[in-house]
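Following the UniProt record's numbering, the numbering of the sequence shown begins with 1 at its first residue and continues without gaps. Below: the structure, in structure tokens.
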Amino acid sequence: MLRQGRKLLQTRRQSTLAYNKYPFLAELGLKEENLGVFDGEWFGNGPVFTSVNPATNEPIARTRTGTKEDYERVVAAMDKAKKDWAEVPAPVRGEVVRLIGEALREKQQALGQLVSLEMGKITVEGVGEVQEAVDICDFAVGLSRSLNGSVIPSERPGHFMMERYNPLKGHVGIITAFNFPCAVMFWNGALSLVAGNTQLWKPHDNLSLTSIACNKIVTDVLEKKGYNPAIASLICGSGKEVGEPMIRDKRMELISFTGSTHVGRHVNEVVANRFGKTILELGGNNAMIIDEDADLTMALRATLFSAVGTAGQRCTTLRRIYLHEKIYDSFVDKLVTAYKQIPIGDQLDPKTLCGPLHNKQAVANYENGIETAKKQGGKILTGGNVLPGPGNFVEPTLIAIEHEAPIVQTEIFAPITYVMKFNDLDEAIAKNNDVPQGLSSSLFTTNQAAIFKWTGPSGSDCGIVNVNIGPSGAEIGGAFGGEKETGAGGRESGSDAWKQYMRRSTCTVNHSKDLPLAQGINFG
Numbered sequence: 001m002l003r004q005g006r007k008l009l010q011t012r013r014q015s016t017l018a019y020n021k022y023p024f025l026a027e028l029g030l031k032e033e034n035l036g037v038f039d040g041e042w043f044g045n046g047p048v049f050t051s052v053n054p055a056t057n058e059p060i061a062r063t064r065t066g067t068k069e070d071y072e073r074v075v076a077a078m079d080k081a082k083k084d085w086a087e088v089p090a091p092v093r094g095e096v097v098r099l100i101g102e103a104l105r106e107k108q109q110a111l112g113q114l115v116s117l118e119m120g121k122i123t124v125e126g127v128g129e130v131q132e133a134v135d136i137c138d139f140a141v142g143l144s145r146s147l148n149g150s151v152i153p154s155e156r157p158g159h160f161m162m163e164r165y166n167p168l169k170g171h172v173g174i175i176t177a178f179n180f181p182c183a184v185m186f187w188n189g190a191l192s193l194v195a196g197n198t199q200l201w202k203p204h205d206n207l208s209l210t211s212i213a214c215n216k217i218v219t220d221v222l223e224k225k226g227y228n229p230a231i232a233s234l235i236c237g238s239g240k241e242v243g244e245p246m247i248r249d250k251r252m253e254l255i256s257f258t259g260s261t262h263v264g265r266h267v268n269e270v271v272a273n274r275f276g277k278t279i280l281e282l283g284g285n286n287a288m289i290i291d292e293d294a295d296l297t298m299a300l301r302a303t304l305f306s307a308v309g310t311a312g313q314r315c316t317t318l319r320r321i322y323l324h325e326k327i328y329d330s331f332v333d334k335l336v337t338a339y340k341q342i343p344i345g346d347q348l349d350p351k352t353l354c355g356p357l358h359n360k361q362a363v364a365n366y367e368n369g370i371e372t373a374k375k376q377g378g379k380i381l382t383g384g385n386v387l388p389g390p391g392n393f394v395e396p397t398l399i400a401i402e403h404e405a406p407i408v409q410t411e412i413f414a415p416i417t418y419v420m421k422f423n424d425l426d427e428a429i430a431k432n433n434d435v436p437q438g439l440s441s442s443l444f445t446t447n448q449a450a451i452f453k454w455t456g457p458s459g460s461d462c463g464i465v466n467v468n469i470g471p472s473g474a475e476i477g478g479a480f481g482g483e484k485e486t487g488a489g490g491r492e493s494g495s496d497a498w499k500q501y502m503r504r505s506t507c508t509v510n511h512s513k514d515l516p517l518a519q520g521i522n523f524g
């Protein structure tokens, strides 16, 4: 009877999962019950987390997460893998990353669907996110043959000076958020691997399935090429159980953290206290300025994607629109009309443009934000409602409000956009900069002088400064990151962001028979 009871209980548990509805899960090596810790082997001794579909709140599959003890085991495995990987020539490491990119290409549709299912973004965005991971792998492959320092003239005869970049002595810790569960890891991971580092990924609690699938792709390539797969380790789990030990661990030389400003401030304080390094990608409160001479048709299209894409859950989502007073009324009318035509629904339906919010807490934040805005004088132009049903669906919302309203200073991770007026460009730039965050910004204009003012020293104070495109949808070739409370200047992805994952040394070689001192010093 006991055995029958256990079997019946197991059957009932399995029958509550929606796993079998989605064949791409098995294609990615996922099961109904998964292990969420990897150090060369898959294991886990922590609580079980359940991934859900935000469109229905149905459970999809479960993951056994890690504990503090599991964390110690993982780092011990990484310690063993570190030296050998650091000694592999960078172009050879680049070949491994090239193969990882090829493996991502092969799984792009399945992995993109998983990102969409588990996070809630529409499928084309999920597939696009995987493409972003592929692109950064391609970028990193090129870097592997050009991780170059400088040759510097020496004032001393017979001396040669150069800069040299080597792998970090410690490990790289990558802590990612829910909204880009695949791409942000590869922004960091592809560069870190090419740089010769071992890395540990702690994904968001709710995105265990995507992280396991991504890590399997990476470690399968490492194993096939004969490398220790602990080079790319993974630990799923809560911030308290595994995130906190991770940021306090001196062996984690660099922590790359993506998340809220509140948590990011704590991460920064803890890591700085032990003289570790951080890359912080925190809140964004991004603005678009639309001047009177702008191409309004193009500006309207850019506004829709920037404000509504990913249901307003991108770090670069458009939160504030500043409209020149001469075009305010006509543009708002067109924008409201366009908002009312946006298809809201299941993120896997190809007709959908706005999927669900990620969880019920996000819905509550949406409701609270709208009520607060109304109390501060905001007027709902369109939207403002939670849609009935089991999913986390809300209406994209436009609110006319004054710039001075306190809520304009904050970021609400939902499709809520504030609309405000301005009289001249100087006023608009000042308002763009008058928030604590500094991630992305955009100006629509055909005025050449305005463009160069906006991108110059008296212009936007953000890390991303766009002209005639929205603030959302960055390419991987440029460094990604922000100023002020967005992250104090840390950068990921393209340009020279790779330097943060390496140890920089100035080397002076004396190839003469003399020992002259710099600055003409004579020491006897």
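Glycine included, each C-beta is placed from N, C-alpha and C at the ideal position.
Three-state class that DSSP yields for residue i in the structure shown
i: P229; result: helix
i: Q199; result: strand
i: H262; result: helix
i: E492; result: strand
i: R93; result: helix
i: K513; result: coil
i: P350; result: coil
i: Y22; result: coil
i: S330; result: helix
i: I342; result: coil
i: T506; result: strand
i: G438; result: strand
i: I321; result: strand
i: L397; result: Reading off the sequence, residue 397 comes out as Thr, not Leu. Looking at T397 - three-state DSSP - the assignment turns out to be strand.
i: I521; result: coil
i: I136; result: helix
i: residue 525; result: Within the shown structure, residues of the chain are numbered from 1 to 524, placing residue 525 beyond reach of any answer.
i: A287; result: strand
i: S51; result: strand
i: E241; result: helix
i: F452; result: helix
i: E485; result: coil
i: I476; result: coil
Beta-carbon spacing of residue i, residue j below 8 Å
i: L300; j: I60; result: no
i: L282; j: G259; result: yes
i: Y366; j: L353; result: no
i: G284; j: E411; result: yes
i: K431; j: L323; result: no
i: W201; j: N215; result: yes
i: A195; j: A77; result: no
i: R64; j: L35; result: yes
i: S144; j: P91; result: yes
Of the residues the options, the one placed nearest residue i, counting alpha carbons only
i: I521; options: S144, R156, G46 and L35; result: R156
i: D349; options: Y19, I122, K80 and K484; result: I122
i: M161; options: G170, L168, P167 and G149; result: G149
i: F331; options: A364, D346, V308 and A294; result: A294
i: P436; options: V465, T63, N447 and T486; result: T486
i: L515; options: V97, A103 and G158; result: G158
i: I407; options: V141, R503, S442 and G369; result: G369
i: K374; options: A400, L425 and T56; result: A400
i: G478; options: A140, T445, V336 and T317; result: A140
i: G474; options: A213, S306 and P388; result: Reading the sequence as shown, one finds Ala at residue 474 and not Gly. It is S306 whose Cα lies nearest to the Cα of A474.
i: C236; options: I217, A287 and H204; result: H204
i: N53; options: V74, L28, A18 and A86; result: A18
i: Y501; options: H262, K326 and A190; result: A190
Residue i versus residue j: straight-line alpha-carbon distance, rounded
i: L254; j: V271; result: 9 Å
i: D39; j: M246; result: 15 Å
i: L304; j: D138; result: 30 Å
i: A26; j: P415; result: 33 Å
i: A177; j: I451; result: 33 Å
i: residue 530; j: D434; result: In the structure as shown, the chain begins at 1 and stops at 524. Residue 530 is therefore absent and cannot be evaluated.
i: D70; j: R105; result: 32 Å
i: N385; j: V394; result: 6 Å
i: D461; j: I429; result: 9 Å
i: D291; j: V467; result: 11 Å
i: L114; j: R504; result: 39 Å
i: T455; j: S440; result: 12 Å
i: I212; j: S192; result: 19 Å
i: T67; j: G170; result: 21 Å
Beta carbon proximity, residue i to chain D, threshold 8 Å
i: F178; result: Of the protein chains in this structure there is only one, and it is not chain D.
Cβ-heavy atom distance, residue i to the ligand FMN, below 7 Å
i: I289; result: Absent from the structure shown: the ligand FMN. Ligands present: none.
Query raised in the report: At which residue ranges does the stretch 156-229 contain complete beta strand (DSSP E) runs of 3 or more residues, listed in the order of the chain?
Result: 159-167, 171-175 and 199-202
Query - Length-filtered (4 minimum) alpha helix (DSSP H) runs lying within the stretch 65-127 - result: 68-87, 90-106 and 108-119
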